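This report refers to the structure that appears directly beneath it.
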Amino acid sequence: MMIDSQKHLFSLPDYVTYINGAYMSAQLKSVASIGIACLKKKNTPYSITSEDFFTQRTILKKRFATLIAASDYQNIAIIPSVSYGIANVANNIKLNIGDEILVVDEQFPSNIYEWKRIAEKQHATIKIVKPPMDFKNRGEGWNEAILKAITAKTAVVAMPHVHWADGTLFDLVRIREKTKQVQSLLVIDGTQSVGALPFSIEEIQPDALICAGYKWLMGPYSIGVAYYSDSFNNGEPIENNWVSRLHSEDFTQLTQYNNHYQPKADRYSMGESSNFILLPMLIKGIEQLLEWQPKNIQAYCENISSNAIEQLRAKDCFIENDSYRAKHLFGVYLPEKIDMETIKQKLIEYNIFVSYRGKAIRVSPYLYNTKADFDAFLSCF
1 MMIDSQKHLF SLPDYVTYIN GAYMSAQLKS VASIGIACLK KKNTPYSITS
51 EDFFTQRTIL KKRFATLIAA SDYQNIAIIP SVSYGIANVA NNIKLNIGDE
101 ILVVDEQFPS NIYEWKRIAE KQHATIKIVK PPMDFKNRGE GWNEAILKAI
151 TAKTAVVAMP HVHWADGTLF DLVRIREKTK QVQSLLVIDG TQSVGALPFS
201 IEEIQPDALI CAGYKWLMGP YSIGVAYYSD SFNNGEPIEN NWVSRLHSED
251 FTQLTQYNNH YQPKADRYSM GESSNFILLP MLIKGIEQLL EWQPKNIQAY
301 CENISSNAIE QLRAKDCFIE NDSYRAKHLF GVYLPEKIDM ETIKQKLIEY
351 NIFVSYRGKA IRVSPYLYNT KADFDAFLSC F
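So the sequence shown is numbered by the numbering used here: it starts at 1 and just counts up by one.
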């Protein structure tokens, strides 16, 4: 099913060309409306019941589980950030001296700093897999280098589904197969893919999937969701809060301090995860994604961008081979004959918003963009 433009559902003015969803999603009007309504709800605090501390949490977990094809919503935790979700994983890993934690070159720091900390603490090594120097078949070569780098020394592979700077697509199915052969963990930062690109827990079987909510999940800032496999069911969370404890639904018994946690991954949910404003907003965003479906989002983004990509390649710009990049996020690497600063100034002049990550112009379209937006972008080259 090909989706038509959905710009009418977003709060974007016509004079702005926003091709920058990887920075922060544009706000759905429906998400903004529910956020405002929930903000006002505290004007009547007596209308917030004890059940309200739990019902929205369960709904969010169920919606996210559906989105990522996870069979049990109780494997989902509610988190404030990717770094928080990663820290919960790292807190439950015992490394041996000489073990390797494999990451990809220049991945987002929230999926780096915690690994550096535990590598230093437990005398392990961070192993960085760089892309090939040659742009030819770069994505394919990078994937092959990752597979080759996974060895018997590999304890953890911590990486994204697509690279945040240029949209390089990593073959997580093959990578998961290799990690299973050497019995290493696979921990995925899905922030720049989940919601816009199909992801299946059933197919990929990661040990953990961590996602911020404010990009492709169409949610607000400071809330996210994480999947933790059953191997983490008895682990230690990085914080201890009351709502994650068994029988916390019974407010009359909260001071009968319970040493047991709610089932499965709920122990990893943050304190105040019942957030009465952010949860309904993220739920609404994910419900809209379930209606659209990520595969249709990919098809739409490919359709509106393909002609511009072809013309940019004709100008000797490098954009990753279509088979090894996401359609909602790609990097444009300029040849020496095109000056980056000149391009930046033209984009500013025409109110065209993109990002600059590393040496790439990061372009990240969505359902509020059109072919005309890419014509405007192309006119700056």
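Glycine is no exception: its CB is placed at the ideal position from the N, C-alpha and C atoms. As the structure is a computational prediction, the values presented were derived from the model and not from experiment.
Assigned exposure category for Gln74 - 16 Cβ within 10 Å defines buried: buried
Extent of the continuous alpha helix (DSSP H) to which Met340 belongs: 340-349
Beta-carbon gap between Phe232 and Leu67 smaller than 9 Å: no
Exposed unless 16 or more other CB atoms sit within 10 angstroms - verdict on Thr44: exposed
For Met281, the three-state DSSP class (helix, strand or coil): helix
First and last residue of the uninterrupted beta strand (DSSP E) at Asp189: 185-189
7 Å CB neighbourhood of Ser355 in its chain, flanking five on each side removed: Asn20, Ala22, Tyr23, Arg362
Neighbourhood of Ala26 by C-beta distance below 8 Å, restricted to the same chain and skipping five residues each side: Phe10, Ser11, Leu12, Tyr18, Tyr366, Tyr368.
Where Leu185 falls, given that 16 or more other Cβ within 10 Å makes a residue buried: buried
Any 3 or more C-beta pairs closer than 8 Å across the segment 207-223 and the segment 78-98: yes
Proximity below 9 Å, CB of Leu60 to CB of Ile286: yes
Local Cβ density within 10 Å of His247, reported as buried at 16 or more and exposed below that: exposed
Chain-order list of residues whose beta-carbon lies under 7 Å from that of Gln6 (same chain, five-residue window excluded): Leu367, Tyr368
Proximal residues to Lys94 (C-beta, below 8 Å), its chain only, five neighbours per side dropped: Gln122
Exposed unless 16 or more other CB atoms sit within 10 angstroms - verdict on Met281: buried
Own chain residues within Cβ distance below 7 Å of Pro335, not counting five before or after: Asp316, Cys317
Close Cβ partners of Val89 (< 7 Å) along its chain, the five nearest in sequence each way excluded: So the list reads Val187, Ala208, once near-sequence residues are dropped.
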